[in-house]
Amino acid sequence: MIHQWIPKPLLLLLIIAILSDLQESKAASFCSKEDQCAVDEEVKQIALPAPIQARYDYTRIYQVELASDEHVRIFQALELASDSCSFMGHARVVGQKLTIMVTAAKVADFDDLVHSYNVTHRVLNHNFQSLIDANYREVAPPGTTPDQFDWKRYYPLENIYAWLESLAKKRSDVVSLVDLGASTQGLPIKGVRIAFGKENLTSVFVESGIHAREWIAPATATYFIDQLLNSEDPAIQELARSQNWLIFPTVNPDGYRYTFEGDRMWRKNRALFGICRGVDLNRNFPFHWNVTGASGDPCRYDYSGPSAGSELETQRIVQFLEQHIQSDRIRTFIALHSYSQMIMFPYGHSAKRVDNYQDLTEIGQLAAQRIKDLSGRIYKSGSIYETIYPSAGGSKDWAHGHLKIPITFSYELRGPADSEDLFILSAKEIEPTAGEAFASLQTIVQEAGKRGYYQ
Ligand SMILES: *[C@@H]1O[C@H](CO)[C@@H](O)[C@H](O)[C@H]1NC(C)=O
Ligand SMILES: *[C@@H]1O[C@H](CO)[C@@H](O)[C@H](O)[C@H]1NC(C)=O
Ligand SMILES: *[C@@H]1O[C@H](CO)[C@@H](O)[C@H](O)[C@H]1NC(C)=O
Ligand SMILES: [Zn+2]
1 MIHQWIPKPL
11 LLLLIIAILS
21 DLQESKAASF
31 CSKEDQCAVD
41 EEVKQIALPA
51 PIQARYDYTR
61 IYQVELASDE
71 HVRIFQALEL
81 ASDSCSFMGH
91 ARVVGQKLTI
101 MVTAAKVADF
111 DDLVHSYNVT
121 HRVLNHNFQS
131 LIDANYREVA
141 PPGTTPDQFD
151 WKRYYPLENI
161 YAWLESLAKK
171 RSDVVSLVDL
181 GASTQGLPIK
191 GVRIAFGKEN
201 LTSVFVESGI
211 HAREWIAPAT
221 ATYFIDQLLN
231 SEDPAIQELA
241 RSQNWLIFPT
251 VNPDGYRYTF
261 EGDRMWRKNR
271 ALFGICRGVD
281 LNRNFPFHWN
291 VTGASGDPCR
301 YDYSGPSAGS
311 ELETQRIVQF
321 LEQHIQSDRI
331 RTFIALHSYS
341 QMIMFPYGHS
351 AKRVDNYQDL
361 TEIGQLAAQR
371 IKDLSGRIYK
381 SGSIYETIYP
391 SAGGSKDWAH
401 GHLKIPITFS
411 YELRGPADSE
421 DLFILSAKEI
431 EPTAGEAFAS
441 LQTIVQEAGK
451 RGYYQ
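Per the UniProt record's numbering, the sequence shown starts with residue 1, numbered consecutively.
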């Protein structure tokens, strides 16, 4: 009991001294002496808890070739049995190549499996985390302002929205901000309408980022916006003025945010269902919903949801398009995804051909050819069902089949189908990827115009 030894006024002084000392050590984080600052930085780093973020250290990416019915059955069973193996697509047919992400703890078992059944395989990547680390280093730092926005880095949701808002302010004669409404977790779904003012134009609707981890998609959508507004190429200026444009870079904002904060490989929205989260929004649209290529299990990456159009994000897109298809004369619907380098049109839910199959086939081929001429990249074109894999509940099927938007394409952007990087595309690929996509979009609009779709 020290205070019994100290006279009261002195005790008071002592307490004040101790308090002000505490005050000082708090204030020390704003210190001016350099050595002091360095020490405080170190202490802070040790004291902070590690971020709660998914890790992919020594996760491997395998590519396997299914050479027999037995192989198909084995990999179908494996997908159901193990959530340590994330499949890119499903095992379906003999002759198929399949990419599978295998977590470190399962690598030995997986390797044993492919050898036991004589499955031809290739390791595309031995440590996926190193790619993700490099990718996070390509994200623009906090505090990046709208006038610093570019296509050399990736941007979090806040930066993309701030950029859209700044455009709507700076170019208010041409650009208006459109908010489709709130997501599951209450974030706005923002986009822009670009209209240079000619009367009675038809509109192009661009949906992007419905799959959260496909970062190249929002980057490409913002590139489109920038080109339409700022290009000095007369052909692009003419294109920009030939249509009105409704462009939504991140229609799954909750998921996109989660790829920065929680798990770089997240795909779905963030709605909670028991022990798992997320509906694959591109399996949730109310047109032949859930008939093929979707799961009824909320823990799987292609969960179609509890019912057709169950998700807020789906409803926002559906409502907006239904309300605006006439008034905005929406005749073109474009969806941006990655990866695999494909330009596809409906349907995905069945092999049934759309009414204008021939036109869409030809336009798709010309769009792919445009890319080949420009960059040498090979994009496959064709219907979703024939080109990638059967899937129902996609926005394109609904846009074309239900809303009757005649020109409907969906892109799988870079890299190639056997990409070693999956969705983790290096930022130096943003400009070439977005550039070739934009050139091919120009081809789509021109060719559709020639065929009378915009009269
Ligand atoms: C494994 O595959 C190779 C090449 O396809 C073949 O020669 C060999 O007989 C197969 N072995 C078994 C056990 O199936
Ligand atoms: C636009 O459409 C309206 C209604 O159909 C029509 O009255 C008007 O003349 C059109 N304007 C132009 C410039 O074509
Ligand atoms: C959707 O399809 C899957 C796979 O066929 C099925 O298991 C699930 O029950 C279906 N969902 C609903 C709500 O019908
Ligand atoms: Zn996708």
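Every residue, glycine too, gets a C-beta built ideally from N, C-alpha and C. Keep in mind that this is a model prediction, so the values were computed, not measured.
- Taking C-beta atoms as the reference points, Ile194 and Val178 fail to come closer than 8 Å.
- Residue burial annotation: His400 is buried, with at least 16 other C-beta atoms found within 10 angstroms of its C-beta.
- Listed in chain order, the beta strand (DSSP E) runs fully inside the region 228–303 are 244–248, counting runs of at least 3 residues.
- In the DSSP assignment, the residues bridged to Gly382 are Met344.
- Scanning the region 353–437 for uninterrupted beta strand (DSSP E) segments of 3 residues or longer gives 380–383 and 407–416, listed from N- to C-terminal end.
- Taking each of Thr184, Tyr258, Phe87 and Ser166 in turn and checking the Cα distance to Gln53, the smallest one comes out for Tyr258.
- For the pair of segments examined, the region 59–69 was found to touch the region 122–134: the number of CB pairs separated by less than 8 Å reaches three.
- A straight line joining the alpha-carbon of Ser203 with that of Asp397 spans about 19 Å.
- Segment contact: the region 329–344 against the region 301–308, fewer than three CB-CB distances shorter than 8 Å; contact not assigned.
- For Ile194, DSSP records a beta bridge to Val175 and Trp245.
- Between Val94 and Leu66, the CB-CB gap stays under 8 Å.
- Tyr136 counts as exposed, since fewer than 16 other C-beta atoms from the protein chains shown sit within 10 angstroms of its C-beta.
- The C-alpha of Asp83 is placed about 38 Å away from the C-alpha of Lys404.
- When the alpha-carbon of Pro253 is set against those of Phe224, Phe285, Glu313 and Gln442, the nearest one is in Glu313.
- If the five residues before and after Phe196 are omitted, its C-beta is found closer than 7 Å to the C-beta atoms of Val174, Ala240 and Arg241, all from its own chain and listed in chain order.
- Looking at the DSSP output, Ser208 shares a beta bridge with Leu336.
- For Pro51, the distance from the CB to the nearest heavy atom of ligand 3 is not below 7 Å.
- If you draw a straight line from the Cα of Asp328 to the Cα of Tyr454, it is about 12 Å long.
- Taking a contact to require three or more Cβ pairs closer than 8 Å, the region 350–367 and the region 435–448 qualify as touching.
- Non-local beta-carbon contacts of Leu187 in its own chain, meaning distances under 8 Å to residues more than five positions away in sequence, involve Leu157, Pro253, Asp254 and Arg257 in chain order.
- Distance from the CA atom of Ala105 to the CA atom of Ser86, rounded to whole angstroms, is 13 Å.
- Judged by the Cβ position, Pro218 fails to qualify as a neighbour of ligand 3 at the 7 Å threshold, every heavy atom of the ligand being at least this far.
- For Ser116, the enclosing alpha helix (DSSP H) starts and ends at Val107 to Ser116.
- Separation of Gly191 and Ile317 (C-alpha to C-alpha, rounded to the nearest whole angstrom) is 11 Å.
- The Cβ atoms of Ile371 and Ser426 do not sit closer than 8 Å to each other.
- In this model, Asp421 and Arg377 are separated by some 16 Å (Cα to Cα).
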